[in-house]
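Order-wise, the sequence lines are chains A and B.
Under the working numbering, think of the first position of the first sequence as 12, with each following residue one higher.
Under the working numbering, think of the first position of the second sequence as 1080, with each following residue one higher.
Taking it in order: structure first as structure tokens, then the write-up.
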Amino acid sequence: MDIKNKISNIVPNAEFKEQGDLIAVVPADSLHKVAEALRYDKEDAMDYLREIVGMDWGETLGALYYLESTTSHNRIVLRTETSDRENPMLPSVSDLWKTAIIKEREAFDFFGIKFIGNPDMRRLFLREDWVGFPMRKDYDLKSNELNMSNEVNADTTEEYSLNPDGTLSCKHNVVFNPEDFVVNIGPQHPSTHGALRLRTALDGETVKKVDPVCGYIHRGIEKMNESLTYPQTLALTDRLDYLSAHQSRHALCMCIEKAAGIEISERAQYIRTIMDELQRIDSHLLFYSCLVLDMGGFTPFFYGFREREMVLDIFEETTGGRLIQNYNMIGGVQADLHPDFQKKVKEFIKHMRGIIHEYHEIFTGNVIATTRLKGVGVLSREDAISYATTGGTGRASGWSNDVRKHHPYAMYDKVDFKEIVYTEGDSFARYMVRMDEIMESMHIIEQLIDNIPEGEYRVKTKPIIRIPEGNYSASVESSRGEFGVFLESHGDKSPYRLHYRSTGLPLVHALDSVCRGEKLADLIAIGASMDFVIPDIDR
Amino acid sequence: MGMREPKIRSMKYEEFKNNDYLEEMVKELNANGTNVVVTTADQLIDWGRSNSIWSFLLGTSCCAIEFMTLGAARYDMARFGFEVTRNSPRQADVMLVLGTITNKMAPLMKRLYDQIAEPKYVVAVGGCTISGGPFRKSYHVVNGIDKIIPVDVYIPGCPPRPEAFYYGLMQLQRKIKLENFFGGVNRKQPKPVEE
Ligand code: SF4
Chain A
12 MDIKNKISNI VPNAEFKEQG DLIAVVPADS LHKVAEALRY DKEDAMDYLR EIVGMDWGET
72 LGALYYLEST TSHNRIVLRT ETSDRENPML PSVSDLWKTA IIKEREAFDF FGIKFIGNPD
132 MRRLFLREDW VGFPMRKDYD LKSNELNMSN EVNADTTEEY SLNPDGTLSC KHNVVFNPED
192 FVVNIGPQHP STHGALRLRT ALDGETVKKV DPVCGYIHRG IEKMNESLTY PQTLALTDRL
252 DYLSAHQSRH ALCMCIEKAA GIEISERAQY IRTIMDELQR IDSHLLFYSC LVLDMGGFTP
312 FFYGFREREM VLDIFEETTG GRLIQNYNMI GGVQADLHPD FQKKVKEFIK HMRGIIHEYH
372 EIFTGNVIAT TRLKGVGVLS REDAISYATT GGTGRASGWS NDVRKHHPYA MYDKVDFKEI
432 VYTEGDSFAR YMVRMDEIME SMHIIEQLID NIPEGEYRVK TKPIIRIPEG NYSASVESSR
492 GEFGVFLESH GDKSPYRLHY RSTGLPLVHA LDSVCRGEKL ADLIAIGASM DFVIPDIDR
Chain B
1080 MGMREPKIRS MKYEEFKNND YLEEMVKELN ANGTNVVVTT ADQLIDWGRS NSIWSFLLGT
1140 SCCAIEFMTL GAARYDMARF GFEVTRNSPR QADVMLVLGT ITNKMAPLMK RLYDQIAEPK
1200 YVVAVGGCTI SGGPFRKSYH VVNGIDKIIP VDVYIPGCPP RPEAFYYGLM QLQRKIKLEN
1260 FFGGVNRKQP KPVEE
């Protein structure tokens, strides 16, 4: 049955919008019913909640729910809203998808929407004593002065429920009991890979609970986007997940090009694909170095950086940047390839293929490595989907989620490559996925590097781009999962709302369930094997 | 009073761009009555201090990753004597602030700075720490860490190249070499008000 009919059967007054993405507008009181029916649909269960995007439409506040099926990979968006700006409430879907717990928390933090039934309605990124909701259109940007006092974190969370007479009641759920032994890890800690803070309750050496505290590197990128023109928004994507700089920017360019109807040349598609894969290799090499460093090995760190420098040199020659390249542009790429590009890339691949055995000899087979990684931190396939942990972490748990395969973009439907899937779901599988992906990425590049077609590397676009009204989205497989761009345009030269799907937020959210019962020392290795980048989580 | 030129092994004095700044600094110290005629013992200690700077990394984002390359073999910061990086402020001489400092992080940065023992230095790395960088207009980013803590050296870039890190850290070494270690001169003390 067609998805529109399915929804209309449940809610006869559902409306559909098809400007860009297909959106079903459902009233708030039937949202949960629709979501539940789609989630447990017999033929085509929408079991993967990609994102909840909070929205402020002026009159109303609301949210967009991006759903996908893990079997057919069909997608649908639900839209719901409430006109009560004083005390906005929406039903929670956190009982259907676990990832909704943290995504709804984000919407609460930014828009003040209370999700009825969500067990954890604390702020997510901003300080607990922050006043106001910054993503609302009427928020005064100057209203919160820099507060230099130390933040006090509550040990309880709020859960709201609706009384029969329409009033709200609030229940407090306990995060940590007074008798819990809580160790604070971060935000200044070398192994949290950035400014992440984990409040960890311990029983002896065993982890009882992990409560991630985010927001130490929340830069307010999404709010800034609303006052930038489309070409200006590009620069900020590179700084989200700096190890997926190309890919994130690729996603945003793709989204804008799709919405504005800009056709890019084949040469640019080739260049983008090759750059994306080089970036993936770069990122996975850094992943290897950091994982090993976190586990106390120093020599392999030098191995990883030795080859990574070769990739950075290739980037630098063509783009001018090492870590952050600012290379993709709306309509193509910034500059043509350096004359030595093909030669250098081929040299690199030859070198890498010849030397990868060193990586495995020193670490993969090492007895310390295997005992500390194998069977540790297991994430089941079911949980991986429910927590929406995309990328290597999901694939290590047996969830085939590669955007390049299921929703091909650029050149990915023309090249032959394997999607690396393991089934163990432990730290070792997560490690192996990345190591194998390095080989697969090289395989992809080899198929493209000699056939880059002649032509323009960039089509001319107007400096001011206006995008027709509608909702558009694009997603790419970044180095650590599905990076999505969700854009709502009201026809202006800057976006009405431009939201990014963080690849790391679901990973951090899943840490609690993955680490429970493991040793504290393994928490570090598990975190490293999940491979998150904090600025991308906090945005 | 003339200034003793601080010597750095890998670069000549004239090749540094902002020597006037050092000269100004000495002049200012002299004007405040600080004795900058450095004794031999001072010289020896400063030589030691400037060549074994232990840094405390406050790495929050992109710039920190670029700093990691300095630790690896190609750029190898051990050649300059600042390869010992600490993760505890109590064991460090200089705090390197690598990456955006947000409103939520600012009190923590201040606290970490306060935990470093004197004499201490701060290096602001990257556009973000200097002025807020690309996120200057954001509601949650501190527009320059020098609003909160004193900064000794600024290394601009987004992120700075590894060579720029070196240049900046050598500037810090030169600054240390000019300091008078004995005599209780604390450069952070406000100058006494003269009646
Ligand atoms: S200056 Fe640039 S590279 Fe450095 S932290 Fe800021 S955005 Fe990242």
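Ideal placement from N, C-alpha and C gives every residue a C-beta, glycine not left out.
- Sixteen is the threshold: since fewer than 16 other Cβ atoms of the shown chains lie within 10 Å of the Cβ of K44(A), the residue is exposed.
- Within the same chain, F144 come within 6 Å of G123(A) by CB-CB distance, once the 5 residues on both sides are set aside.
- Annotation: E233(A) to T1181(B) spans about 15 Å, alpha carbon to alpha carbon.
- Residue burial is scored here from C-beta neighbours: D1125(B) has at least 16 other C-beta atoms within 10 angstroms and is therefore classed as buried.
- Around N339(A), the same chain offers R260, H261, C264 as residues with beta carbons nearer than 6 Å, after the five sequence neighbours per side are excluded.
- K182(A) carries a strand assignment under DSSP once its states are collapsed to helix, strand and coil.
- Within the same chain, Cβ atoms closer than 8 Å to the Cβ of E467(A) are found at S276, R278, A279, G343, the five residues on either side in sequence being excluded.
- One thing to note: A46(A) has its Cβ within 7 Å of the Cβ of L107(A).
- Assignment of P130(A) by DSSP, reduced to helix, strand and coil, places it in the coil class.
- Cα atoms of A1151(B) and F316(A): separation of roughly 6 Å, rounded to the nearest angstrom.
- Interface flag for A1151(B) against chain A is set, since a Cβ pair is found closer than 7 Å.
- Those residues of the stretch 1198 to 1221 of chain B placed with their C-beta closer than 7 Å to a C-beta in chain A are P1213, F1214, K1216, S1217, Y1218, H1219, V1220, V1221, ordered along the chain.
- The alpha-carbon separation between M450(A) and E288(A) amounts to approximately 10 Å.
- With respect to the C-alpha of E320(A), the residue from K269(A), L302(A), I292(A), A346(A) having the closest C-alpha is I292(A).
- Relative to I285(A), the option among T381(A), K416(A), A421(A) whose CA is nearest is A421(A).
- For the pair G1205(B) and G1247(B), the Cα-to-Cα distance works out to about 11 Å.
- Taking 7 Å as the cut-off, the beta carbon of S513(A) is found no closer than this to the beta carbon of L239(A).
- Taking a beta-carbon distance threshold of 7 Å, A206(A) counts as an interface residue toward chain B.
- Excluding the 5 residues flanking it on each side, L304(A) has same chain C-beta neighbours closer than 6 Å at F312, in chain order.
- Taking one beta carbon from each stretch, the stretch 1173 to 1193 of chain B and the stretch 1215 to 1235 of chain B have 3 or more pairs nearer than 8 Å; the two touch.
- One residue after another in chain order, those with a Cβ under 6 Å from a heavy atom of the ligand SF4 are R250(A), I335(A), S1140(B), C1141(B), C1142(B), G1178(B), T1179(B), G1205(B), G1206(B), C1207(B), G1212(B), P1213(B), C1237(B), P1238(B).
- For E358(A), the closest alpha carbon among the candidates S540(A), E237(A), I325(A) is that of I325(A).
- Taking K385(A) as the centre and dropping the five residues before and after it, the same chain places the C-beta of D437, F439 closer than 7 Å to its C-beta, in chain order.
- With contacts defined by Cβ atoms closer than 7 Å, G409(A) and T375(A) do not form a contacting pair.
- At least one CB atom of chain A sits nearer than 7 Å to the CB of I1144(B).
- DSSP, read as helix, strand or coil, puts N1098(B) in helix.
- Apart from the 5 residues on each side of it in sequence, V525(A) sits with its Cβ closer than 7 Å to the Cβ of G388, L390, I537 in its chain, given in chain order.
- The alpha carbon of G481(A) has as its nearest neighbour, out of N158(A), R508(A), P464(A), the alpha carbon of R508(A).
- Between the alpha carbons of P102(A) and P474(A) lies a gap of roughly 42 Å.
- According to the DSSP secondary-structure assignment, G343(A) is paired through a beta bridge with M340(A), R469(A).
- Annotated three-state conformation of F374(A) is helix, per DSSP.
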